[in-house]
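Asks:
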Amino acid sequence: MTDATLPPTRSLSPFAGLMSGTVGPVIVVVLSIISLWYIAAVILNAPFQQEMYERANRTEVPVTLFITDTLAQERPVLPAPHQVIIEIWETTVEKKITSKRSLIYHTGITLSSTLLGFLIGTTLGILLAIGIVHSRVLDKSLMPWVISSQTIPILAIAPMIIVVLNAIGISGLLPKAMISTYLSFFPVTVGMVKGLRSPEVIHMDLMHTYSASRIQTFWKLRLPYAVPYLFTSMKIGMAASLVGAIVGELPTGAVAGLGARLLAGSYYGQTVQIWSALLMAAFLAGALVALIGILEGVTLKRMGMAR
Amino acid sequence: MTALASAKDTEMVENTASASPNRVIDIENLSLTFETNDGPVHALSDIDLKIEEGDFVSFIGPSGCGKTTLLRVIADLEKPTAGSITVNGVSPEEARLKRAYGYVFQAAALYPWRTIAKNIALPLEIMGLSGTEQQQRIAKNLDLVNLTGFEKKFPWQLSGGMQQRASIARALAVEPDLLLMDEPFGALDEIVRDHLNEQLLQLWAKTNKTVVFVTHSIPEAVFLSTKIVVLCPRPGRIYDVIESDLPRNRNLDVRETPEFLKIAHRVREGLKAGHSYED
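Read top to bottom, the protein sequences are chains A and B. Position 162 (the first sequence) corresponds to 162 in our numbering; numbering is contiguous. Position 148 (the second sequence) corresponds to 148 in our numbering; numbering is contiguous.
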């Protein structure tokens with residue numbers, strides 16, 4: 001066989017270069033989501049639009065006008081992407097942060113209880129994991145409770161936590177943070193138990209030959225081994241913490257926070273407001289998880305574990 | 001066979017006649033039985049063995065003959081079920097608590113998040129040595145294994161042979177009189193292994209430590225040892241103990257001499273007679 005008979009190794013399609021990186025595929029996915037969203041918006045908003053035309057005795061409406069009208073309703077069943085983006089723009093850039101109508105203000109409220117809850121949850125999760133790994137009794141007695149705590153629907157237990165804490169005079173940030181804690185400690189506990197138990201037998205034997213104490217084995221072997229597990233579970237914990245903070249704002253009749261925006265939006269049929277709060281929550285979760293990812297990269301690099 | 005062994009014994013006595021032999025390891029009637037779901041497994045049965053100070057002793061035998069288990073018993077990583085054993089005159093546990101030995105595993109077992117220098121510092125940190133003392137010992141032992149200049153490298157940046165040398169430096173840094181080595185070069189290719197064997201002998205001559213070395217390579221055992229313990233399986237037991245009359249100061253050329261081949265032959269005969277080559 002000669003070289004001339006070999007097929008070309010690269011496709012000659014003009015899109016081949018674009019699709020070989022990450023940018024191309026990401027753009028394609030985003031564009032298809034947006035176009036599907038538009039199609040769904042037209043279909044879902046069409047019945048109400050027809051009703052409007054009938055009331056106004058308008059017939060023979062051109063298709064193009066019909067479509068633009070379905071995408072410009074004030075309280076659509078499904079708002080179009082550009083409506084949500086305009087709403088987000090108006091409530092972030094064009095409003096003062098101190099304003100009650102500023103989305104940034106509400107995001108800040110939710111963010112503060114998310115972070116506080118995440119901090120307490122991660123600390124609690126690590127402490128529980130340390131106890132479980134070092135004590136058989138704690139392993140047997142605590143682990144079932146840790147797992148069953150997560151089978152209770154958070155929506156059921158959230159009002160209870162708020163009511164009980166209110167009764168003993170704790171209100172404001174802490175009750176919401178407690179719900180975040182409740183959701184975020186679990187992945188950290190499970191991840192850290194796994195991480196602290198992951199050292200190889202040969203490494204544990206080595207510590208044994210040095211007559212290392214349990215505390216030395218923990219600091220010098222178990223903890224460094226668990227660091228990658230910690231970051232992975234912290235990412236899950238952070239997302240869970242945000243869900244907890246939003247859920248915590250629902251039953252309290254809170255006037256501020258992304259949860260409160262969602263609730264107010266659904267009371268008054270302000271679907272555009274609901275969707276803009278939802279998008280903001282998604283963006284916030286993405287940013288927080290990415291932040292942990294950066295922290296993970298820096299830490300692992302400093303430990304020499306990133307190659 | 002006994003005549004040959006006793007002849008070797010007299011030679012050994014001559015070699016160490018100046019200093020009265022100091023017993024490092026004394027094993028009597030030692031047995032170890034693992035209880036498994038398929039019934040008891042006799043890993044070690046009726047082991048009798050004495051190791052003197054300055055000896056280089058190899059345990060050789062097929063997989064499952066208990067050579068690694070015997071080494072782990074000496075290191076207090078396994079407990080015997082019968083018989084007695086002393087290390088430096090005390091129980092293995094007391095010897096371990098006194099950090100009487102350095103242990104080199106089959107794999108280098110370096111901690112991936114520590115640099116080579118920090119890996120060697122690990123036992124020193126646990127012993128609570130001062131920073132300057134740690135630095136001194138790191139420099140000295142890296143030099144002993146020819147790894148000076150690699151202090152700041154992470155383990156994955158080193159070849160397998162260099163990693164194993166680093167792990168030997170880590171064991172030496174404890175400054176034990178006894179070095180326990182469990183097939184330390186088993187995972188390396190023969191060229192690297194030859195080289196490390198020669199270095200290990202030089203190290204042994206320089207430091208005058210007692211070495212217990214587990215291997216399944218006949219040339220390696222004969223080349224390194226002053227005493228070769230041939231073990232055979234089911235149950236794990238000692239079949240033969242060969243005192244080597246090769247000079248303590250030897251290099252790789254010694255492997256071509258008739259004396260070397262004679263000892264290697266006796267080891268091979270021992271393994272054969274112990275049914276080691278059968279399935």
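The beta-carbon is built from N, C-alpha and C at its ideal position, and this holds for glycine as well.
Residues of the region 210-237 of chain A with a CB closer than 7 Å to any CB of chain B: list them in chain order, please.
Replies: Under the 7 Å Cβ criterion, the region 210-237 of chain A contributes Tyr210, Ser211, Ala212, Gln216, Lys220, Pro224.
Asks: Give the secondary structure of Pro40 of chain B by DSSP, where H, G and I count as helix, E and B as strand, and everything else as coil.
Replies: Here residue 40 of chain B is taken as the residue at index 40 of the second sequence, counted from 1. DSSP places Pro40 of chain B in strand when its eight states are reduced to three.
Asks: Mark Met162 of chain B as exposed unless 16 or more other C-beta atoms lie within 10 angstroms of its C-beta, in which case mark it buried.
Replies: The sequence position of residue 162 of chain B within the second sequence is 162, counting from 1. Buried, by the Cβ-count rule.
Asks: Nearest-angstrom Cα distance between Thr271 of chain A and Met280 of chain A?
Replies: Within the first sequence, residue 271 of chain A is the residue found at index 271, counting from 1. Within the first sequence, residue 280 of chain A is the residue found at index 280, counting from 1. Answer to the nearest angstrom: the Cα atoms are 14 Å apart.
Asks: Is Met127 of chain B close to chain A, meaning its C-beta is less than 9 Å from at least one C-beta of that chain?
Replies: As a position in the second sequence, residue 127 of chain B is number 127, starting the count at 1. For Met127 of chain B, the answer is yes, since a Cβ of chain A falls inside 9 Å of its Cβ.
Asks: Would Arg165 of chain B and Leu196 of chain B be called neighbours here (beta carbons separated by less than 9 Å)?
Replies: As a working note, residue 165 of chain B is residue 165 in the second sequence. As a working note, residue 196 of chain B is residue 196 in the second sequence. Yes, Cβ-Cβ distance for Arg165 of chain B and Leu196 of chain B is below 9 Å.
Asks: So, at 6 Å on beta carbons, what are the nonlocal neighbours of Trp275 of chain A in its own chain, with the 5 sequence-adjacent residues on each side left out?
Replies: Position 275 of the first sequence, counted from the first residue, corresponds to residue 275 of chain A. Same-chain partners within the cutoff: Pro79, Val84.
Asks: So which residues of chain A does Pro112 of chain B contact, with C-beta pairs closer than 8 Å?
Replies: Reading the second sequence from its first residue, position 112 is the one you call residue 112 of chain B. Within 8 Å Cβ-Cβ: Gly304, Met305.
Asks: Using only the alpha-carbon positions, how far apart do Ile236 of chain A and Thr107 of chain A sit?
Replies: By one-based count along the first sequence, residue 236 of chain A stands at place 236. By one-based count along the first sequence, residue 107 of chain A stands at place 107. Each residue's Cα considered, the two are about 20 Å apart.
Asks: With a threshold of 9 Å between beta-carbons, can Val289 of chain A be considered close to chain B, or not?
Replies: Locating residue 289 of chain A in the first sequence gives position 289, counting from the first residue. False, the Cβ-Cβ gap to chain B never drops below 9 Å.
Asks: Any beta carbon from chain A within less than 9 Å of Ala107 of chain B's own beta carbon?
Replies: By 1-based counting over the second sequence, the position of residue 107 of chain B is 107. Output row for Ala107 of chain B: interface = yes.
Asks: For Pro235 of chain B, which residues from the same chain have a beta carbon less than 6 Å from its beta carbon, with the 5 sequence-adjacent residues on both sides left out?
Replies: If you number the second sequence from 1, residue 235 of chain B lands on position 235. The residues are His42, Ser45.
Asks: Below 8 Å on the Cβ atoms is my guess for Phe213 of chain B versus Val57 of chain B; work out the distance and round it to an integer in Å.
Replies: Numbered from its first residue, the second sequence carries residue 213 of chain B at position 213. Numbered from its first residue, the second sequence carries residue 57 of chain B at position 57. The Cβ separation is near 7 Å, so the contact holds.
Asks: Below 8 Å on the Cβ atoms is my guess for Arg96 of chain B versus Ser148 of chain A; work out the distance and round it to an integer in Å.
Replies: For the purposes of this step, residue 96 of chain B is taken as residue 96 along the second sequence, with counting starting at 1. For the purposes of this step, residue 148 of chain A is taken as residue 148 along the first sequence, with counting starting at 1. Not quite, the Cβ-Cβ distance comes to about 42 Å (not below 8 Å), so this is no contact.
Asks: Using a C-beta to C-beta distance shorter than 8 Å, which residues of chain B count as neighbours of His134 of chain A?
Replies: Translated into the one-based positions of the first sequence, residue 134 of chain A becomes position 134. Simply none; closest approach about 18 Å.
Asks: Thinking Ile179 of chain A and Ile154 of chain A are a contact (beta carbons under 8 Å), I'd like their distance in whole angstroms, please.
Replies: One-based indexing of the first sequence puts residue 179 of chain A at position 179. One-based indexing of the first sequence puts residue 154 of chain A at position 154. Confirmed, about 7 Å.
Asks: Give the DSSP-derived three-state secondary structure of Met305 of chain A in the structure shown.
Replies: Residue 305 of chain A sits at position 305 when you count from the first residue of the first sequence. Note: Met305 of chain A maps to coil in three-state DSSP.
Asks: Please work out which residues of its chain come closer than 8 Å, Cβ to Cβ, to Ser102 of chain A, disregarding the five sequence neighbours upstream and downstream, and give them in chain order.
Replies: Taking the first sequence and counting its residues from 1, the one referred to as residue 102 of chain A is at position 102. Excluding residues within five positions, the ones whose Cβ falls inside 8 Å are Thr91, Thr92, Lys95, Lys96.
Asks: Hey, out of A:Gly24, A:Val298, A:Glu60, A:Val77, whose CA is closest to Val42 of chain A's CA?
Replies: Counting from 1 along the first sequence, the entry for residue 42 of chain A is found at position 42. Ranking the options by Cα distance to Val42 of chain A, first place goes to A:Val77.
Asks: Beta carbon of Arg237 of chain B, beta carbon of Leu246 of chain B: below 9 Å?
Replies: Indexing the second sequence from 1 puts residue 237 of chain B at position 237. Indexing the second sequence from 1 puts residue 246 of chain B at position 246. It is not a contact, given that the beta carbons lie outside the stated cut-off.
Asks: From this set, B:Pro62, B:Asp55, B:Glu94, B:Cys65, which residue's C-alpha is nearest Ile74 of chain B's C-alpha?
Replies: As a position in the second sequence, residue 74 of chain B is number 74, starting the count at 1. The option with the nearest alpha carbon to Ile74 of chain B is B:Glu94.
Asks: Exposed or buried, Ala56 of chain A, counting other C-beta atoms within 10 Å across all chains shown (16 or more means buried)?
Replies: Here residue 56 of chain A corresponds to residue number 56 of the first sequence, with the count starting at 1. Exposed is the call here.
Asks: Can you name the residues of chain A whose CB is closer than 8 Å to the CB of Pro123 of chain B?
Replies: Here residue 123 of chain B refers to the residue found at position 123 when the second sequence is read from its first residue. Under the 8 Å cutoff, chain A gives Tyr210.
Asks: Output, in sequence order along the chain, the residues in the region 71-102 of chain B whose CB is closer than 7 Å to any CB in chain A.
Replies: Under the 7 Å Cβ criterion, the region 71-102 of chain B contributes Ala75, Leu77, Arg96, Leu97, Arg99.
Asks: Only counting the same chain, and skipping five residues up and downstream in sequence, which positions put a Cβ closer than 6 Å to that of Thr86 of chain B?
Replies: Residue numbering aside, residue 86 of chain B sits at position 86 when the second sequence is read from its first letter. Excluding positions up to five away in sequence, the list reads Asp26.
Asks: Residues in the same chain with beta-carbon distance under 6 Å from Leu262 of chain A, minus the five sequence neighbours each way, listed in chain order, please.
Replies: The residue labelled residue 262 of chain A in the question sits at position 262 within the first sequence. Counting only Cβ-Cβ distances below 6 Å, and skipping sequence neighbours, we find Ile274, Ala277.
Asks: Using the DSSP secondary-structure output, state which residues sit across from Ser84 of chain B in a beta bridge.
Replies: Numbered from 1 along the second sequence, position 84 holds the residue referred to as residue 84 of chain B. According to DSSP, which records beta bridges pairwise, Ser84 of chain B is partnered with B:Glu28.
Asks: Below 8 Å on the Cβ atoms is my contact criterion, and I expect Ile152 of chain A with Ala109 of chain B to pass it. Report the Cβ-Cβ distance as a whole number of Å.
Replies: On the first sequence, residue 152 of chain A is found 152 positions in, with the first residue counted as 1. On the second sequence, residue 109 of chain B is found 109 positions in, with the first residue counted as 1. Contact flag wrong, Cβ pair sits at about 44 Å.
Asks: Can you have a look at Asn88 of chain B and say buried or exposed, based on whether 16 or more other CB atoms are within 10 angstroms of its CB?
Replies: Counting from one through the second sequence, the residue named residue 88 of chain B turns up at place 88. Buried.
Asks: Tell me the DSSP secondary structure of Glu175 of chain B in three-state form.
Replies: Taking the first residue of the second sequence as position 1, residue 175 of chain B is located at position 175. Here Glu175 of chain B sits in coil by DSSP.
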